[in-house]
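**Q**
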Ligand SMILES: [Zn+2]
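In this note's numbering, the protein residues as written are 4 to 356.
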């Protein structure tokens with residue numbers, strides 16, 4: 004299986020996140036990718052390649068031009084605002100959000116201040132922007148697009164080792180440590196090239212709210228997510244429930260399967276099986292696996308208890324679909340285990356094809 008990744012991911016160093024008002028260490032570190040690649044190095048995965056660069060408008064397929072323009076200039080705008088010295092904040096952090104409660108039906112103005120602009124394009128305080136964030140996010144997106152092209156050229160599957168992850172990024176906003184929606188870009192590329200309907204099966208521990216919202220009215224992308232129940236106090240809290248099934252022409256093309264905290268292999272693999280059957284019933288002709296390995300036991304970001312054998316079995320179940328497949332890296336924050344978890348999932352996938 005070809006592997007696509009870019010050294011440019013290292014340029015993104017969030018150096019923490021602001022959670023409940025406090026800057027904490029965070030878990031989305033550059034070492035995550037080092038650990039994954041170190042594990043894959045021993046598998047005969049020799050076809051490691053750099054992504055091909057794309058024009059900026061390739062990203063407009065799933066993101067608004069306004070968001071892309073903001074991301075390209077956000078760090079420079081922050082520097083010019085002087086906030087690195089006053090009050091001493093070395094990353095872009097929003098402070099005011101244009102929620103419905105503020106606007107009460109009126110359209111938001113285009114704000115002048117860098118901190119307010121950040122609030123317009125960011126829905127949480129955890130997704131920090133620094134020097135190199137835009138370049139790294141773009142390289143991750145290009146990795147997903149390059150993996151999709153490899154599949155279109157005939158590879159049965161390709162793995163995009165994306166960092167930063169992407170599935171929480173919506174059409175017009177960043178959040179959840181995600182900036183550009185890598186999985187959604189790969190799905191759109193497959194679908195636009197005659198491989199639709201495309202299924203996105205998201206097995207990250209958290210709801211893939213960005214992918215859901217991007218394709219919510221689109222019947223050509225079957226968007227499915229298996230995740231810890233946000234109703235039990237987990238990100239993204241406001242979305243990810245079973246009654247979100249798509250709207251308009253996309254009614255019925257979205258599926259959420261929330262799991263109770265503490266769920267292990269049995270419940271999780273039953274969920275994977277259910278999503279596979281749902282995608283097959285919907286006539287999927289290609290597949291994007293949003294591969295988060297943070298549902299694993301010991302991961303600091305979720306209360307799910309999936310074992311490494313469970314991940315391998317999930318890979319097998321997904322490979323058994325026999326579809327052209329892009330596997331895009333999403334979450335996974337346990338540095339001791341992220342590499343073996345990804346490796347076993349990919350080996351499980353390859354055992355089936
Ligand atoms: Zn996650």
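Glycine included, C-beta positions come from ideal geometry on N, C-alpha and C.
Only a predicted model underlies this, so the values are computations on that prediction, with no experimental measurement involved.
Can you name, in chain order, every residue of its own chain whose Cβ lies under 8 angstroms from the Cβ of residue 117, other than the five neighbours on each side?
**A** As a working mapping, residue 117 is identified with position 114 in the chain shown. Once the five neighbours on either side are set aside, the close Cβ partners of residue 117 are 77, 80, 81, 83, 84, 86, 95.
**Q** Shorter than 7 angstroms, the distance from the beta carbon of residue 301 to the closest heavy atom of ligand 1, or not?
**A** The residue you call residue 301 lines up with position 298 of the chain shown. Checking every heavy atom of ligand 1 against the Cβ of residue 301, none is found closer than 7 angstroms.
**Q** Which two residues bound the contiguous beta strand (DSSP E) that contains residue 328?
**A** Translated into the one-based positions of the chain shown, residue 328 becomes position 325. Note, residue 328: beta strand (DSSP E), 328 to 332.
**Q** Is the beta carbon of residue 227 closer than 8 angstroms to that of residue 205?
**A** The sequence position of residue 205 within the chain shown is 202, counting from 1. The sequence position of residue 227 within the chain shown is 224, counting from 1. Yes, the pair counts as a contact, with Cβ atoms nearer than the cut-off.
**Q** Judging by CA-CA distance, which residue of 318, 107, 224, 144 is the nearest neighbour of residue 59?
**A** Here residue 59 refers to the residue found at position 56 when the chain shown is read from its first residue. Nearest option by C-alpha distance: 144.
**Q** For the 8 angstroms Cβ check, are there 3 or more pairs between the segment 334 to 350 and the segment 284 to 297?
**A** Taking a cut-off of 8 angstroms for Cβ pairs, the segment 334 to 350 and the segment 284 to 297 touch, as three or more such pairs fall below it.
**Q** For residue 202 and residue 105, I'd like the C-alpha separation in whole angstroms.
**A** The residue you call residue 202 lines up with position 199 of the chain shown. The residue you call residue 105 lines up with position 102 of the chain shown. Roughly 37 angstroms between the two C-alpha positions.
**Q** Can you check whether the CB of residue 200 is closer than 8 angstroms to the CB of residue 225?
**A** In the chain shown, counting from the first residue as 1, residue 225 sits at position 222. In the chain shown, counting from the first residue as 1, residue 200 sits at position 197. Cβ distance < 8 angstroms, so residue 225 and residue 200 count as in contact.
**Q** Got a sec, what are the start and stop residues for the beta strand (DSSP E) residue 292 sits in?
**A** Taking the first residue of the chain shown as position 1, residue 292 is located at position 289. Note, residue 292: beta strand (DSSP E), 289 to 294.
**Q** Counting by C-beta, which residues lie closer than 5 angstroms to a heavy atom of ligand 3, in chain order?
**A** Here the bound small molecules are ligand 1; ligand 3 is not part of this structure.
**Q** Using the three-state DSSP reduction, which class does residue 303 fall into: helix, strand or coil?
**A** Translated into the one-based positions of the chain shown, residue 303 becomes position 300. DSSP places residue 303 in the coil class of the three-state scheme, outside both helix and strand.
**Q** Quick check: the Cα distance between residue 302 and residue 213, rounded to an integer number of angstroms?
**A** One-based indexing of the chain shown puts residue 302 at position 299. One-based indexing of the chain shown puts residue 213 at position 210. Those two C-alpha atoms are separated by around 22 angstroms.
**Q** With DSSP run on the structure shown, which of helix, strand or coil describes residue 242?
**A** Position 239 of the chain shown, counting from 1, holds the residue named residue 242. Coil.
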